[in-house]
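Undergrad: So my numbering is basically just the index in the sequence shown, starting at one, shifted up by 3.
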Amino acid sequence: MENLLRWSIQNSTDNNPQPNNGPAQNKDLDPGILDAILGRPDSELMKEALAVAVDEKRREDERIQALDDFEMLIEHIDNANNMEKLQMWEPLQALLTSPSSTDDIKTQTLWIIGTAVQNNPAAQFHYLSFSPVSTLLSFLSPSVRSAKTRSKAVYALSSVLKHSAAAVRQLEEAGGWETLKAALEDSDISVRRKTAFLFNSLLAPSYGVDSAGEAQLSGPTLHSETTEQPAASPTVHPNSHASMLSDPSSFVTSPATAKAFEAHGIADAMISSLTSPTPHGPDGEQEGDADFEEKAIRSLHTYLTSCQGRLPENQKRELRQFIQDQAAKEGGDEKLADRWGMMADEVKELSGAVA
């Protein structure tokens, strides 16, 4: 700051300028001062942060801070897209698999991955070249004691899988549907919430991009006017979403997910998570969770209506009874709809699907 002030004074106009007939003299500007004025390129900051993060000779708190700085930088989609050019995916993936990486370093790395590929097909494509889904799934194993790490793993998986048919294929090949189903009973409620949200994201109709760059809806046909209207289409960045133009089927995940819901008993597990919730909390003293319940109900609604999914009679009966009990408890469908963040017609539609 002192150097910057000194330079400013030296280069300011004199209050009593003297005639100067000679040529103006150019003063060299200290690179450090130039950086202070203009700021350093994000690419340089990313390189420096990653260099610290992978340096096992540095203190762990320094490495974690560097990863945190890196994550903030790649929140900008241009920086996230630049990771491939800067060859940053491989060292990040290595941090996840290195035996010397602590839980905190792995957790921070999972956060970076989730942020970088979120709603970014180009970054998804580059990251998927490392076949990472099986590695991400491994962090949901019961042997991973850190709930924070498991929660960030679901976040990363959600970002990798959403709108990516290729990622869903990797999930299938890795036996990932069973892993995600088991996560509905995780001891940490945040893991359950994120998993239920992930299922709905994969079931929901997808958006494509037409030749004019406009987002278009694709996926299962909505068979009722009372079905939830699709949310606003995601922002389309031409460089990041080029694959949507070249291969519209590359972002459709709903059919494969609906098939897995039936084949792997995910719908059954989700219904059981509502009717017989696994206790959670520090001492396992809590049962049920309003946020999880809302997300699970939304997933089941999407599966049964948008995807026209099927349930055996015993599962229909169990879900039907749950809906009736909750409606009686709240005082009717409208109040129950408010609790679940739905329209009253959607609750009726869900009830009709299990009648």
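Ideal placement from N, C-alpha and C gives every residue a C-beta, glycine not left out.
Quantities reported herein were computed from a predicted structural model and do not represent experimental measurements.
Please classify residue 2: does DSSP put it in a helix, a strand, or coil?
TA: Residue 2 lies beyond the residue range present for the chain, which begins at 4 and ends at 358; the question has no answer from this structure.
Undergrad: Determine the burial state of residue 317: buried for a count of at least 16 other Cβ atoms within 10 Å of its Cβ, exposed for fewer.
TA: Exposed, since its Cβ has fewer than 16 Cβ neighbours within 10 Å.
Undergrad: Bridge partners of residue 289, per DSSP?
TA: 283, per the DSSP bridge assignment.
Undergrad: For the alpha helix (DSSP H) that contains residue 200, what are its first and last residues?
TA: First-last of the alpha helix (DSSP H) with residue 200: 192-206.
Undergrad: Using the beta-carbon count (16 or more within 10 Å), is residue 344 buried or exposed?
TA: Under this definition residue 344 is an exposed residue.
Undergrad: For a test of the three-state rule: what should DSSP assign to residue 103, helix, strand or coil?
TA: Coil at residue 103, not helix or strand.
Undergrad: Under 7 Å Cβ to Cβ from residue 302, same chain only, skipping five residues before and after it: list those, please.
TA: 199, 202, 203, 206, 273.
Undergrad: So residue 138 is in the alpha helix (DSSP H); what residue range does that whole segment cover?
TA: Segment 136-141, the alpha helix (DSSP H) holding residue 138.
Undergrad: From the DSSP output, in three-state form, read off residue 146 for me.
TA: Coil, per DSSP.
Undergrad: Which residue's Cα is closest to the Cα of residue 48: 350, 83, 270, 135?
TA: Of the listed residues, the one whose Cα sits closest to residue 48 is 83.
Undergrad: Let me know if residue 312 comes out buried or exposed under the rule of 16 or more other beta-carbons within 10 Å of its beta-carbon.
TA: When all chains shown are included, residue 312 counts as buried.
Undergrad: Hey, residue 51 and residue 105: beta-carbon distance below 8 Å or not?
TA: No, the Cβ-Cβ distance between residue 51 and residue 105 is not below 8 Å.
Undergrad: Among 111, 95, 170, which has the Cα closest to the Cα of residue 125?
TA: Closest by alpha carbon: 170.
Undergrad: Just how far apart, CA to CA, sit residue 148 and residue 107?
TA: C-alpha separation (whole angstroms): 12 Å.
Undergrad: Go ahead and label residue 189 buried or exposed: buried means 16 or more other beta carbons lie within 10 angstroms of its beta carbon, across all protein chains shown.
TA: Buried, because 16 or more other Cβ atoms sit within 10 Å of the Cβ of residue 189.
Undergrad: According to DSSP, is residue 309 part of a helix, a strand, or is it coil?
TA: Note: residue 309 maps to helix in three-state DSSP.
Undergrad: Do you know offhand how far residue 164's Cα is from residue 268's?
TA: Rounded to the nearest angstrom, the two C-alpha atoms are 20 Å apart.
Undergrad: Grab me the residues of residue 97's own chain with a C-beta within less than 6 Å of its C-beta, minus the 5 sequence neighbours each way, in chain order.
TA: None.
Undergrad: Would DSSP call residue 209 helix, strand or coil?
TA: Looking at residue 209 - three-state DSSP - the assignment turns out to be strand.
Undergrad: Determine the burial state of residue 100: buried for a count of at least 16 other Cβ atoms within 10 Å of its Cβ, exposed for fewer.
TA: Exposed: under 16 other Cβ atoms inside 10 Å.
Undergrad: I need the DSSP call for residue 345, collapsed to helix, strand or coil.
TA: If DSSP states are grouped into helix, strand and coil, residue 345 belongs with coil.
Undergrad: For residue 289, count neighbouring Cβ atoms within 10 angstroms of its own Cβ and tell me buried if that reaches 16, exposed if not.
TA: Counting Cβ neighbours within 10 Å, residue 289 comes out exposed, since fewer than 16 surround it.
Undergrad: What's the C-alpha gap between residue 275 and residue 57?
TA: One C-alpha to the other measures close to 43 Å.
Undergrad: On the three-state DSSP scale, how would you describe residue 77?
TA: Coil, per DSSP.
Undergrad: Mind checking residue 336: buried by the 16 CB within 10 Å criterion, or exposed?
TA: Residue 336 is buried by the Cβ-count criterion.
Undergrad: Among the residues of its own chain, which have a CB less than 6 Å from the CB of residue 300, if the five just before and after it don't count?
TA: If we look at residue 300 and ignore the five residues flanking it on each side, its Cβ neighbours are 343.
Undergrad: Can you tell me whether DSSP reads residue 336 as helix, strand or coil?
TA: It is helical.
Undergrad: In angstroms, rounded to a whole number, what distance separates the CA positions of residue 86 and residue 181?
TA: The straight-line gap from Cα to Cα measures roughly 32 Å.
Undergrad: Just how far apart, CA to CA, sit residue 45 and residue 118?
TA: Rounded to whole angstroms, residue 45 to residue 118 spans 16 Å at the Cα level.
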